[in-house]
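Q: Residue numbers (our numbering), protein chains in the order written: chain A, 1 to 223; chain B, 224 to 446; chain C, 447 to 669. No residue lacks a Cβ here, since even glycine has one placed at the ideal position from N, Cα and C. A single structure is presented below for examination.
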Amino acid sequence: MEKVDPALILYCLDLFGVAVFAVSGSLAAGRKRMDVFGVIVLGLTTALGGGTLRDALLDAGPVFWVENPVYLLVAVLSSLFTFVAVRVISIPWRGLLLSDALGLAVFMAIGTAKTIAVTGSASVAMVMGVMTGVAGGMIRDILSAEVPLVLRREIYATAALCGSLAYVVMHRLEVPPAASLLLAALATVTIRIAAIRWNLSLPVFQSKDNLDRDVTEPRDSIE
Amino acid sequence: MEKVDPALILYCLDLFGVAVFAVSGSLAAGRKRMDVFGVIVLGLTTALGGGTLRDALLDAGPVFWVENPVYLLVAVLSSLFTFVAVRVISIPWRGLLLSDALGLAVFMAIGTAKTIAVTGSASVAMVMGVMTGVAGGMIRDILSAEVPLVLRREIYATAALCGSLAYVVMHRLEVPPAASLLLAALATVTIRIAAIRWNLSLPVFQSKDNLDRDVTEPRDSIE
Amino acid sequence: MEKVDPALILYCLDLFGVAVFAVSGSLAAGRKRMDVFGVIVLGLTTALGGGTLRDALLDAGPVFWVENPVYLLVAVLSSLFTFVAVRVISIPWRGLLLSDALGLAVFMAIGTAKTIAVTGSASVAMVMGVMTGVAGGMIRDILSAEVPLVLRREIYATAALCGSLAYVVMHRLEVPPAASLLLAALATVTIRIAAIRWNLSLPVFQSKDNLDRDVTEPRDSIE
């Protein structure tokens, strides 16, 4: 059996993640009855938003889809496919849910690895890793004028955070990058699927005060 | 008759686009009863948002209004003018609608041309061209907490896409840049005005399933 | 008495501003019943959003918290502290309101000073200074799916604008940077607190027309 290049596997998984996230964005656009252009825009921003933000903030050259337009192509084709396919076939929610967990894990692993290579900082790498995984979905929700789901949903971004932490620790222990990427992504997928399966969630914000006001609101405050 | 420099015409059209988009942002702020500062912020972000995003993603030096603050000045003055003028004169909706089509076309043409000069990639140039034209209006709608209109409106961004495609094709055929810019912008203006005149629109997302759930939602999914 | 380094004071005030803005973001997350992760995300984006946008647009190296992760740490710890503390203690609204004015002033002063050092342009520095102060709060409100408060609130961003203008003028008059920073921040704090104390506000957008339509809306327009 021939040995397969790990970089190639990662690239394929990355494109798979782009496709899944584009489908997710397209379905959100469908919920708002957008036209075919709106569907492509939401598909593109969901699929490429996280990595775009990461590259813009790292300031290490142009963003990834400017360097390699294959990402653009995959995202556009996946959105168009969704637009057409939902008219004739049922949406495979369960398959999408598992694919989404995989996409989240791959984006997180790539974001963490790229950031630690550029900056060398573990805490920055963790923030960027989580951001690469979840920002696309957040932009999707903002464009649909909703509160981003990842901010109030059962363990989602937290799964990305655990995987990112795992990568950073393995990097310190000088585990080879390919193994670190694989194990970190596996950790995220496992936690995410466990959270779905047993309906796990994090503690929610609770306050003894009424919160229906803002810090910058002056109402009877300094008289 | 003296020959006029095409670059100068383009610069004037660009400033005209900035002014029109600033007016559009200011009117959106008015709809939300913002104060004079909110009006300026929405005017500025609508007028400069698309080009700002383009320059941040291209990573080819600081954004255009940091290089040339005249854009800032035009956007601020147009917003202030709107704030004052609407108290005494009627809003010329028809004129604004046509001006908006012109602004969209100019921003699209400049965005496409700049991106192809920096990256050489036709697909990236088309995404950036459309984004330069429509992102300002999208940011305006996000700041007003609404679903961006360009995502659910009759042919708007699609007009920009057609113009951008036209530019890219002419670039390949080695048409001189000035002529390409002019013809591409003309294509966008024509399509946009035809869409308004005959009320054209693109097909809307339709699904045989109920879409009121999200891909990341686990409800009865993998038990 | 030993002389204290002004740069050190500024750095401490900057971290103080980050902490206050993180608390403000965390409370907004609480209002939307987010979980602990959502609270940290809103705390982080509120605290670091303005400076992040500034650094991304200036294109002068990576953003500040990539260079110095202490900012990340302070923002995360402040958010976690808020998450825990509100369960047992009352929220000190008055103290937060005054702290917020101080944070706004420090962020504005640092943003203005950094921009004028990089670009040399007074108008760009004023835009960036105000943006550094207010963008974090705007992103917070967008992520909570609300119209940003700074766009419709009594004098807030305007206080930042006045301080920024003061800095720019002092820079031209060759006042030493440390004194300019201090006086500009003082101007912003004073104006902001006066606005709260006497309930000052700017004139609101008023139109003789009905504004419930958009510039890009074609309704009976060019027939």
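Step through the CB atoms of chain B and report whether any lies within less than 8 Å of the CB of residue 176 of chain A.
A: Not one chain B Cβ lies under 8 Å of residue 176 of chain A.
Q: Of the choices C:581, C:547, C:527, C:610, whose alpha-carbon is the least far from that of residue 562 of chain C?
A: For the residues C:581, C:547, C:527, C:610, the minimum Cα distance to residue 562 of chain C belongs to C:610.
Q: Work out the CA separation of residue 605 of chain C and residue 334 of chain B for me, nearest whole Å.
A: Spanning the two alpha carbons is a distance of roughly 35 Å.
Q: Hey, how far is the Cα of residue 5 of chain A from the Cα of residue 202 of chain A?
A: Using only the alpha carbons, I get a separation of about 38 Å.
Q: What residue range is occupied by the uninterrupted alpha helix (DSSP H) comprising residue 331 of chain B?
A: Element bounds for residue 331 of chain B: 316 to 342.
Q: Rounding to the nearest angstrom, what Cα-Cα distance links residue 669 of chain C and residue 191 of chain A in this structure?
A: Low confidence applies here, because residue 669 of chain C scores a pLDDT of 37, under 50, leaving its location unreliable; read the following figure in that light. Roughly 59 Å separates the two Cα atoms.
Q: Drop a sphere of 10 angstroms on the beta-carbon of residue 365 of chain B, count the other beta-carbons inside from all chains shown, and report buried for 16 or more, exposed for fewer.
A: Buried: at least 16 other Cβ atoms inside 10 Å.
Q: Curious, which full-length alpha helix (DSSP H) runs of at least 4 residues does the stretch 451 to 532 of chain C contain?
A: As far as the stretch 451 to 532 of chain C is concerned, its whole alpha helix (DSSP H) runs of at least 4 residues are 452 to 477, 482 to 504, 510 to 513, 516 to 531.
Q: For the candidate residues C:629, C:487, C:535, whose alpha-carbon lies nearest to that of residue 456 of chain C?
A: Checked all of C:629, C:487, C:535; the closest Cα to residue 456 of chain C is C:629.
Q: Going by DSSP, what residue range makes up the alpha helix (DSSP H) through residue 143 of chain A?
A: Unbroken alpha helix (DSSP H) run through residue 143 of chain A: 122 to 143.
Q: State whether the stretch 19 to 29 of chain A contacts the stretch 42 to 54 of chain A, with contact taken as three or more CB pairs (one from each stretch) at a distance under 8 Å.
A: Yes: the two stretches touch, three or more of their Cβ pairs being nearer than 8 Å.
Q: Taking Cβ-Cβ distances below 9 Å as the criterion, which residues of the stretch 179 to 206 of chain A are in contact with chain C?
A: If the cut-off is 9 Å between Cβ atoms, the stretch 179 to 206 of chain A has 201, 202, 203, 204, 205, 206 near chain C.
Q: So, does the CB of residue 171 of chain A fall closer than 8 Å to a CB anywhere in chain C?
A: By this cut-off, residue 171 of chain A is not an interface position.
Q: Taking DSSP as the reference, what is the three-state secondary structure of residue 204 of chain A?
A: Correct three-state label for residue 204 of chain A: strand.
Q: Run the CB neighbour count on residue 362 of chain B, radius 10 Å, all protein chains shown included, and call it buried at 16 or more, exposed below.
A: Classification of residue 362 of chain B: buried, given that the 10 Å Cβ count is 16 or more.
Q: Please classify residue 623 of chain C: does DSSP put it in a helix, a strand, or coil?
A: Helix, per DSSP.
Q: So the alpha helix (DSSP H) residue 390 of chain B belongs to, where does it begin and stop?
A: Residue 390 of chain B -> alpha helix (DSSP H) spans 380 to 395.
Q: Can the beta-carbon of residue 461 of chain C be found closer than 8 Å to that of residue 520 of chain C?
A: Yes.
Q: Name the residue from C:543, C:572, C:545 whose alpha carbon lies nearest to the alpha carbon of residue 555 of chain C.
A: With distances taken between Cα atoms, residue 555 of chain C lies closest to C:572.
Q: Excluding the 5 residues flanking residue 19 of chain A on each side, which residues of the same chain have their C-beta closer than 7 Å to its C-beta?
A: So the qualifying residues of the chain are 74, 78.
Q: At the level of alpha carbons, what is the spacing between residue 220 of chain A and residue 135 of chain A?
A: Since pLDDT at residue 220 of chain A reaches only 44, below the 50 mark, its modelled position is unreliable, and the value read off the structure follows with that caveat. One C-alpha to the other measures close to 38 Å.
Q: What residues in its chain sit with their C-beta under 7 Å from that of residue 427 of chain B, if we drop five residues either side in the sequence?
A: Cβ within range, chain order: n/a, list empty.
Q: Report back the beta-carbon spacing between residue 246 of chain B and residue 319 of chain B to the nearest angstrom; my notes put them in contact at under 8 Å.
A: The Cβ separation is near 7 Å, so the contact holds.
Q: Residue 203 of chain B and residue 408 of chain B look like a contact to me (Cβ under 8 Å); what is the Cβ gap, rounded to whole Å?
A: Absent from the structure is residue 203 of chain B, since the part of chain B shown begins at 224 and ends at 446.
Q: Residues of chain C with CB under 8 Å from residue 124 of chain A, in chain order?
A: Within chain C, the residues near residue 124 of chain A are 511, 512, 515, 518.
Q: Is the closest heavy atom of the ligand FAD to the C-beta of residue 491 of chain C under 7 Å?
A: With respect to the ligand FAD, the structure offers nothing, as it holds no ligand at all.
Q: If the criterion is Cβ atoms closer than 8 Å, does the pair residue 360 of chain B and residue 371 of chain B meet it?
A: Yes, Cβ-Cβ distance for residue 360 of chain B and residue 371 of chain B is below 8 Å.
Q: Quick one: using the 10 Å Cβ neighbour count with 16 as the cut-off for buried, is residue 54 of chain A buried or exposed?
A: Buried: at least 16 other Cβ atoms inside 10 Å.
Q: Could you confirm whether any beta carbon from chain A is found closer than 8 Å to the beta carbon of residue 498 of chain C?
A: Output row for residue 498 of chain C: interface = yes.
Q: Where does residue 551 of chain C land, buried or exposed, given buried means 16+ other C-beta within 10 angstroms?
A: The residue is buried, with at least 16 neighbouring Cβ atoms inside 10 Å.
Q: Since residue 463 of chain C and residue 577 of chain C are thought to touch, with beta carbons under 8 Å apart, how far apart are those beta carbons, to the nearest angstrom?
A: That belief does not hold up - the Cβ atoms of residue 463 of chain C and residue 577 of chain C are roughly 14 Å apart, past 8 Å.
Q: Count the other CB atoms within 10 Å of the CB of residue 103 of chain A; is the residue buried (16 or more) or exposed (fewer)?
A: It is buried - the Cβ of residue 103 of chain A has at least 16 other Cβ atoms within 10 Å.
Q: Could you tell me whether the Cβ atoms of residue 281 of chain B and residue 66 of chain A are closer together than 8 Å?
A: Yes, the pair counts as a contact, with Cβ atoms nearer than the cut-off.
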